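Everything below concerns the one structure shown next.
Protein chains in written order, with the numbering used here: chain A, 198 to 602; chain B, 7 to 206.
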């Protein structure tokens, strides 16, 4: 029997650079690793000379499982990847399937998708802000951020009945319309959130300890970002004005008026400022999407994909057949392949679906933004102190569910 | 800024046809995406050309992934079993291009790490899950899967489920012989009626 080692030793995964260095294991249970990231650091004194992430502790084979599920059922799995912004993951998968189906969603459906995704983005950034500040010893922002996030989760609960794993955006549109009385939660949130954010910012932006820990730490240039595939707030924090919502608009993002926040420095502080500004921009989009919400259907009227409304089943034989076929067999997608990328909260979020004409995807692959962003860790950490590693991991905003899938 | 089109073909394809004519096997357009099938040995040249040409500037390495086509019943772009798909993005026209390379079992694909260092993680993942070998990759070791895993689970012949999980290092639970063949267990794939269905 081959010898089974459950925790690989640090020696086997690591080639040491120097002779007088110390190899230190960090994680997978370290509180600053946001889940189960394990880092093997080679240290010279307190300075990191080499660092290597070890991942896979949350690997559940979602891409394999997706090949055995009907197209609609895969949506629920995408939620569990980046569980901080489930809507964005639903959307990117949905758009990829809709691209294969050649399906158009009516304007109301698109606006509702935008609304949900931007709320998700704010929720995701709030968790990032709270936890990354907590890593560096700031306790209060954590509570205040989660207090604000709670309001967003309450809205999601009202929308769908679920707080985190919505699965509300599905191929063909959404599972349901905006509920009555949703404005009673959303309108006060739009009104109060900027002040709440200012309050949280006041704890950190001019805080000398925070600035000491973050300014000049973990610098990456635009060139490094592009070669390593780092996207989202990291590449914008380095000074490149690139946002897929502007450069390759989807879901009608071209109608909304918002700016791309950019910072030049490329350090942890720059990424912090970019994400703070992004939350305000997202709020602008939410306001515009809500106020200009078009009337009409929110689902595509393609009965081969979208189930007919309940009341049609009593009168129409064809609707009954569609209903039955859709909830048993699902729909079939023409053979082909499609890749769709959206701007997720953590960067470019992509989905690649290959269809062989059956009711299940032949290949289902997500481009997880934090998996690629993690590649920048070595570039950012080498030459810095071990304490800076914590600040840098926080600034990358990793979600291990997405990295390991 | 829209992506320039010359005589109905995208500028990338036209320039590649002019400069590296024998590197391209086929160009496929599907739903607005361009997939360029590249000869395996010329992959690095093509990627370097796309990256460095001043009119193209495909400098953002988005990702790479792989598909196992051993159970495919329709028309194929490439004859080999696996297709590795590199996904590059240009900040000049905000456009995307896909490079496809075919590989059979054990046939190495040249690694793109010298051109794009960002290929390290995704190529390692592709090796881990599909067993496609990358020539010049410094660390083709298990990444998402445990170090002692046998096989490459995203291959089509590997069934879903049925692996035994050895919690006690073989002292209790499944027999040691079963552990040495981790995928020997049952599959949840089944057939009901006339239609293939998944196990869920």
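All residues carry an ideal CB built from backbone N, CA and C; glycine is no exception. Note that the structure is a prediction, hence the values are computed from the model and not measured.
query                                                                                                                                  : result
Residues of the region 40-67 of chain B with Cβ closer than 7 angstroms to any Cβ of chain A, in chain order                           : 65, 66, 67
Spatial distance of residue 32/B from residue 102/B (CA atoms)                                                                         : 17 angstroms
Contacts of residue 78/B in chain A (Cβ-Cβ under 8 angstroms)                                                                          : 553, 559
Residue 129/B at chain A interface by Cβ criterion, 8 angstroms                                                                        : no
Minimum Cβ-Cβ distance from residue 444/A to chain B less than 8 angstroms                                                             : yes
Per-residue DSSP class, three states only, for residue 180/B                                                                           : With a pLDDT of 48 at residue 180/B, under the threshold of 50, the modelled position of that residue is not reliable, and no figure is offered here.
Interface flag, residue 116/B vs chain A, CB-CB below 8 angstroms                                                                      : no
Contact the region 433-441 of chain A vs the region 459-466 of chain A: 3+ CB pairs below 8 angstroms                                  : yes
Rounded Cβ spacing between residue 128/B and residue 70/B (contact assumed at less than 8 angstroms)                                   : 5 angstroms
Neighbourhood of residue 365/A by C-beta distance below 6 angstroms, restricted to the same chain and skipping five residues each side : 357, 371, 372
Those residues which DSSP pairs with residue 589/A across a bridge                                                                     : According to DSSP, residue 589/A bridges with nothing at all.
The region 21-30 of chain B touching the region 73-92 of chain B, judged by at least three CB pairs closer than 8 angstroms            : no
At least three beta-carbon pairs within less than 8 angstroms, the region 289-308 of chain A to the region 448-457 of chain A          : yes
Span of the alpha helix (DSSP H) around residue 447/A                                                                                  : Segment: none, residue 447/A is in no alpha helix (DSSP H) and carries neither H nor E.
Chain B contacts from the region 263-295 of chain A (Cβ-Cβ distance under 9 angstroms)                                                 : 264, 265, 266, 267, 270
The region 146-159 of chain B: positions lying closer than 8 angstroms to chain A by Cβ                                                : 147, 148, 149, 150, 151, 152, 153, 154, 159
Beta carbon of residue 150/B nearer than 8 angstroms to that of residue 593/A                                                          : no
Residue 346/A and residue 324/A closer than 8 angstroms at C-beta                                                                      : yes
Pair within 8 angstroms by beta-carbon distance, residue 57/B and residue 121/B                                                        : yes
Neighbour flag for residue 196/B against chain A, beta carbons, 8 angstroms                                                            : Confidence at residue 196/B is low in this model, with a pLDDT of 41, below 50, so the placement of that residue should be treated as unreliable; the coordinate-derived value is given next. Chain A contact via Cβ: absent.
Contacts that residue 577/A makes with chain B (C-beta to C-beta distance below 7 angstroms)                                           : Ordered by position in chain B, no residue passes the 7 angstroms Cβ test against residue 577/A, which lies about 14 angstroms from the chain.
Among 419/A, 401/A, 455/A, 483/A, nearest to residue 388/A - alpha-carbon criterion                                                    : 483/A
Contact set between residue 100/B and chain A, taken where Cβ atoms lie within less than 7 angstroms                                   : 444, 445
Contact set between residue 108/B and chain A, taken where Cβ atoms lie within less than 7 angstroms                                   : Neighbours of residue 108/B on chain A: none; closest Cβ ~14 angstroms, over 7 angstroms.
Spatially closest choice to residue 208/B from 76/B, 41/B, 37/B, by CA coordinates                                                     : A question about residue 208/B goes unanswered here, because the residues of chain B that appear run from 7 up to 206.
Whole runs of the alpha helix (DSSP H) within the region 248-318 of chain A, excluding any shorter than 4 residues                     : 259-263, 268-276, 283-298
Uninterrupted alpha helix (DSSP H) stretches inside the region 549-576 of chain A (no shorter than 4 residues)                         : 566-570
Chain B residues whose Cβ lies nearer than 7 angstroms to that of residue 568/A                                                        : 127
Closer than 7 angstroms: residue 99/B CB and nearest the ligand SAH heavy atom                                                         : This structure lacks the ligand SAH; in fact it carries no ligand of any kind.
Within 8 angstroms, strictly: CB atoms of residue 397/A and residue 342/A                                                              : yes
Span separating the alpha-carbon of residue 574/A from that of residue 334/A                                                           : 21 angstroms
Among 399/A, 530/A, 401/A, nearest to residue 300/A - alpha-carbon criterion                                                           : 530/A
Interface flag, residue 226/A vs chain B, CB-CB below 8 angstroms                                                                      : no
Opening and closing residue of the alpha helix (DSSP H) in which residue 535/A lies                                                    : Premise fails: residue 535/A lies in the beta strand (DSSP E), 533-541, not in any alpha helix (DSSP H).
Coil, strand or helix - residue 26/B by DSSP                                                                                           : coil
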